[in-house]
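Asks:
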Amino acid sequence: MSRRFLPRRHLNRLHQALVQAGYEVIGPRVKDDTIVFAPLEQVDDLPWGWQEQADAGRYRLQHTAGRRAFAWNTGPQGLKPWLFQPEQVLWRAEHTETGLNFRAVEPSPERLAFIGLRGCDLAALKIQDQHFLDGPYADPFYRAQREQLFMVAVNCGRSADTCFCVSTGDGPEARFGFDLLLDELDDGYLLQTGSAEGDAIAAHLPLNKASVQQLNEAKTALAGARRQQRTMPATAELAQLVDRLDHPRWQQVAERCLACGNCTSVCPTCFCSKQDSEGDIRNRQAEQVQRWDSCFSEQHSYITGKVVRHKIQHRYRQWLVHKLATWQQQFGRSGCVGCGRCIAWCPVAIDLVEEAHALLETPKEGEHG
Ligand code: SF4
Ligand code: SF4
185 MSRRFLPRRH LNRLHQALVQ AGYEVIGPRV KDDTIVFAPL EQVDDLPWGW
235 QEQADAGRYR LQHTAGRRAF AWNTGPQGLK PWLFQPEQVL WRAEHTETGL
285 NFRAVEPSPE RLAFIGLRGC DLAALKIQDQ HFLDGPYADP FYRAQREQLF
335 MVAVNCGRSA DTCFCVSTGD GPEARFGFDL LLDELDDGYL LQTGSAEGDA
385 IAAHLPLNKA SVQQLNEAKT ALAGARRQQR TMPATAELAQ LVDRLDHPRW
435 QQVAERCLAC GNCTSVCPTC FCSKQDSEGD IRNRQAEQVQ RWDSCFSEQH
485 SYITGKVVRH KIQHRYRQWL VHKLATWQQQ FGRSGCVGCG RCIAWCPVAI
535 DLVEEAHALL ETPKEGEHG
């Protein structure tokens, strides 16, 4: 569908149409000095005028004189926690008079409509789909919730200082995976549909023909967002990281890295998990719980009686080489969508882009791996 124009005063009609279609609307809101996706009762709850200033190890929200709801780029989380929950009970067991009774936990998906997703979020979702759905054993919890989503994406009209989605090919515009796509202008939204469900919702909206000026304004904003970005080495170059396993930079970065795992928690494509078996105090009931894990935790590399990556430099190397290089063999692309979250939320300001450039450089004389 060609793009049409939704006046700003009618954005609430989009919210209403989604509610009437049976969705709970999830959108960006200001919470704890960040932008989070949370239930959105009304469009007044959107982060009108808020924008983030992000840099390595830094994320601050500031309120601007602007009248836009989507002038920010990312918060600490995108879609990941909604589909791949930080904690998920897989099954329960209990002692009964006749013996042990095992019960599977059934998925309980909700019909959710997300407003405000970005190109990088949808690119990350596509990667998560490959991991959770395309293998021989699809994740039933992920699959059930994935089938209940409606996506309203927004093209980015600016880039944060941590963004580099142009380098990864995932933004600043959303190219796939949305039901509706918006470009935000001062007085309203250019809207295009991307699915039959999107067409059905758009049919309820008071849309006007978009003017040439509005179309040009959106194009100029996207071009500006592209220009603002920093540059990650090309994907083919990143594949060469597998030949840099002895680079002295691993040790240098390990001297700063706390192995806290923040970078993997905020990364929208990271999917590592562990399972814990938990019993009650009387040992009558037990649960098998899946939780997010991180390749930065020492135990994550525990294999048959031995931790194989006991040094932080080896864990950082595992994360970066897998994410940027060996992921290409596994999934046909790099595991990074250029959202910059791992950079902003690293407490010691370790910067993935800076590290990738440094690792691809030849070590200086006197440096040892
Ligand atoms: S790179 Fe930063 S965020 Fe990641 S584990 Fe190290 S200190 Fe934590
Ligand atoms: S590695 Fe960092 S920049 Fe890339 S997708 Fe993950 S959090 Fe975003």
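In this text, residue positions in the sequence shown follow the numbering used here: the first is 185, and each later residue adds one. We put the CB at the ideal spot given by N, CA and C, even for glycine. Note that this is a predicted model, so its numbers are computed, not measured.
In chain order, what residues place their C-beta within less than 6 angstroms of a heavy atom belonging to ligand 4?
Replies: As far as ligands go, the structure on display features ligand 1 and ligand 2 and does not contain ligand 4.
Asks: Given that a residue counts as buried once 16 or more other Cβ atoms are within 10 Å of its Cβ, and exposed if not, what is residue 380?
Replies: Counted from its first residue, the sequence shown places residue 380 at position 196. When all chains shown are included, residue 380 counts as exposed.
Asks: Quick one: using the 10 Å Cβ neighbour count with 16 as the cut-off for buried, is residue 357 buried or exposed?
Replies: As a first step, residue 357 is located in the sequence shown; it is residue number 173 there, counting from the start. The residue is buried, with at least 16 neighbouring Cβ atoms inside 10 Å.
Asks: DSSP beta-bridge partners for residue 367?
Replies: The count along the sequence shown starts at 1 and reaches residue 367 at position 183. Residue 367 pairs with 374.
Asks: Going by C-alpha to C-alpha distance, which of 186, 195 and 409 sits closest to residue 389?
Replies: Position 205 of the sequence shown holds residue 389. It is 195 whose Cα lies nearest to the Cα of residue 389.
Asks: Could you pull out every residue in the same chain whose Cβ sits closer than 8 angstroms to the Cβ of residue 399, ignoring the five residues on either side in sequence?
Replies: Here the question's residue 399 lines up with position 215 in the sequence shown. These residues qualify, in order along the chain: 187 and 374.
Asks: Around the C-beta of residue 532, are 16 or more other C-beta atoms found within 10 angstroms, so that it is buried, or is it exposed?
Replies: As a first step, residue 532 must be located in the sequence shown, where it is residue number 348. Per the 10 Å Cβ criterion, exposed.
Asks: I'd like the list of long-range same chain contacts for residue 405, defined as Cβ closer than 6 angstroms, with 5 residues on each side in sequence excluded.
Replies: Here the question's residue 405 lines up with position 221 in the sequence shown. Closer than 6 angstroms at the Cβ level, and outside the excluded window around residue 405, lie 341.
Asks: By a C-beta neighbour count over all protein chains shown, 10 Å radius and 16 as the cutoff for buried, is residue 281 buried or exposed?
Replies: On the sequence shown, position 97 is the one that residue 281 refers to. Flag for residue 281 reads exposed.
Asks: What three-state label does DSSP hand residue 266 in the structure shown?
Replies: For the purposes of this step, residue 266 is taken as the residue at position 82 of the sequence shown. Residue 266 falls in the helix class under three-state DSSP.
Asks: Which residues share a DSSP beta bridge with residue 392?
Replies: Locating residue 392 in the sequence shown gives position 208, where the first residue counts as 1. Per DSSP, 189.
Asks: Starting from residue 532, follow the alpha helix (DSSP H) in both directions and report where the run begins and ends.
Replies: For the purposes of this step, residue 532 is taken as the residue at position 348 of the sequence shown. Unbroken run through residue 532: none, as it is neither H nor E.
Asks: Closest to residue 274 by CA distance: which of 286, 313 and 525 is it?
Replies: Walking along the sequence shown from the start, residue 274 turns up at place 90. Measuring from the Cα of residue 274, the nearest candidate turns out to be 286.
Asks: Are residue 236 and residue 256 touching if we call contact CB-CB under 8 angstroms?
Replies: Within the sequence shown, numbered from 1, the residue matching residue 236 stands at position 52. Within the sequence shown, numbered from 1, the residue matching residue 256 stands at position 72. Cβ distance < 8 angstroms, so residue 236 and residue 256 count as in contact.
Asks: Run the CB neighbour count on residue 321, radius 10 Å, all protein chains shown included, and call it buried at 16 or more, exposed below.
Replies: Reading the sequence shown from its first residue, position 137 is the one you call residue 321. So residue 321 counts as exposed.
Asks: Under the assumption that residue 435 contacts residue 497 (Cβ atoms under 8 angstroms), give the Cβ distance between them as a whole number of angstroms.
Replies: As a first step, residue 435 must be located in the sequence shown, where it is residue number 251. As a first step, residue 497 must be located in the sequence shown, where it is residue number 313. At roughly 5 angstroms, the Cβ-Cβ gap stays under 8 angstroms, so residue 435 and residue 497 are in contact.
Asks: May I ask you to list the residues that DSSP assigns as paired with residue 517?
Replies: The residue labelled residue 517 in the question sits at position 333 within the sequence shown. Note: residue 517 is not bridge-paired with any residue in the DSSP secondary-structure output.
Asks: Please check the pair residue 455 and residue 315, which I expect to be a contact at CB under 8 angstroms, by giving their CB distance rounded to whole angstroms.
Replies: As a first step, residue 455 must be located in the sequence shown, where it is residue number 271. As a first step, residue 315 must be located in the sequence shown, where it is residue number 131. By a beta-carbon distance limit of 8 angstroms, residue 455 contacts residue 315. Their separation comes to about 5 angstroms.
Asks: Kindly examine ligand 2 and report whether one of its heavy atoms sits closer than 7 angstroms to the Cβ of residue 507.
Replies: Translated into the one-based positions of the sequence shown, residue 507 becomes position 323. Yes, Cβ of residue 507 sits closer than 7 angstroms to a heavy atom of ligand 2.
Asks: Between the stretch 358-369 and the stretch 541-549, do three or more beta carbon pairs fall short of 8 angstroms?
Replies: By the Cβ rule, the stretch 358-369 does not count as touching the stretch 541-549, because fewer than three pairs are nearer than 8 angstroms.
Asks: Can you tell me where the alpha helix (DSSP H) with residue 437 in it begins and where it stops?
Replies: Residue mapping note: residue 437 aligns to position 253 of the sequence shown, counting from 1. Residue 437 -> alpha helix (DSSP H) spans 433-438.
Asks: Assuming residue 345 and residue 238 make a contact with CB atoms under 8 angstroms, what is their CB distance in whole Å?
Replies: Counting from 1 along the sequence shown, the entry for residue 345 is found at position 161. Counting from 1 along the sequence shown, the entry for residue 238 is found at position 54. 6 angstroms between Cβ atoms; contact.
Asks: Let me make sure I understand the geometry here. Which of 299, 384 and 470 has the alpha-carbon closest to that of residue 254?
Replies: Counting from one through the sequence shown, the residue named residue 254 turns up at place 70. Of the candidates 299, 384 and 470, the one whose C-alpha sits nearest the C-alpha of residue 254 is 299.
Asks: State the start and end residues of the unbroken alpha helix (DSSP H) segment that holds residue 499.
Replies: Position 315 of the sequence shown holds residue 499. Per DSSP, residue 499 belongs to the alpha helix (DSSP H) from 496-505.
Asks: At a threshold of 7 angstroms, does residue 522 count as lining ligand 2 (C-beta to nearest heavy atom)?
Replies: For this step, residue 522 is matched to residue 338 along the sequence shown. The answer is yes for residue 522.
Asks: Alpha carbon to alpha carbon, how far is residue 377 from residue 295? Give it in angstroms, no decimals.
Replies: The residue given as residue 295 occupies position 111 in the sequence shown. The residue given as residue 377 occupies position 193 in the sequence shown. Their backbone Cα atoms lie some 19 angstroms apart in a straight line.
Asks: What are the uninterrupted segments assigned as beta strand (DSSP E) that are 3 or more residues long and contained completely in the stretch 287-315, given in chain order?
Replies: 296-301
Asks: With a threshold of 7 angstroms (Cβ to nearest heavy atom), would residue 510 be considered close to ligand 2?
Replies: Reading the sequence shown from its first residue, position 326 is the one you call residue 510. No, ligand 2 has no heavy atom inside 7 angstroms of this Cβ.
Asks: Quick one: grab the DSSP three-state call for residue 343.
Replies: Walking along the sequence shown from the start, residue 343 turns up at place 159. Three-state result, residue 343: coil.
Asks: Taking the CB atoms as reference points, tell me whether residue 451 and residue 526 lie closer together than 8 angstroms.
Replies: Stepping through the sequence shown from its first residue, residue 451 is reached at position 267. Stepping through the sequence shown from its first residue, residue 526 is reached at position 342. Cβ distance < 8 angstroms, so residue 451 and residue 526 count as in contact.
Asks: Just to confirm the assignment, what range does the alpha helix (DSSP H) spanning residue 381 have?
Replies: In the sequence shown, residue 381 corresponds to position 197, counting from 1. Residues 380-386.
Asks: Please tell me whether, using a cut-off of 7 angstroms, the distance from the CB of residue 536 to the nearest non-hydrogen atom of ligand 2 is below it.
Replies: Along the sequence shown, one-based indexing puts residue 536 at 352. Yes, Cβ of residue 536 sits closer than 7 angstroms to a heavy atom of ligand 2.
Asks: Could you spell out the range, first to last residue, of the alpha helix (DSSP H) harbouring residue 198?
Replies: Locating residue 198 in the sequence shown gives position 14, counting from the first residue. 195-204 is the span of the alpha helix (DSSP H), which, as asked, contains residue 198.
Asks: Please state whether DSSP places residue 555 in a helix, a strand or coil.
Replies: Because the chain here runs from 185 to 553, residue 555 falls outside it and cannot be looked at.
Asks: With DSSP as the reference, identify every bridge partner of residue 245, one or two as the case may be.
Replies: The residue you call residue 245 lines up with position 61 of the sequence shown. Beta-bridge pairing links residue 245 to 236.
Asks: Helix, strand or coil for residue 276, going by three-state DSSP, please let me know.
Replies: Working through the sequence shown from its first residue, we reach residue 276 at position 92. In this structure, residue 276 counts as strand in the three-state DSSP scheme.
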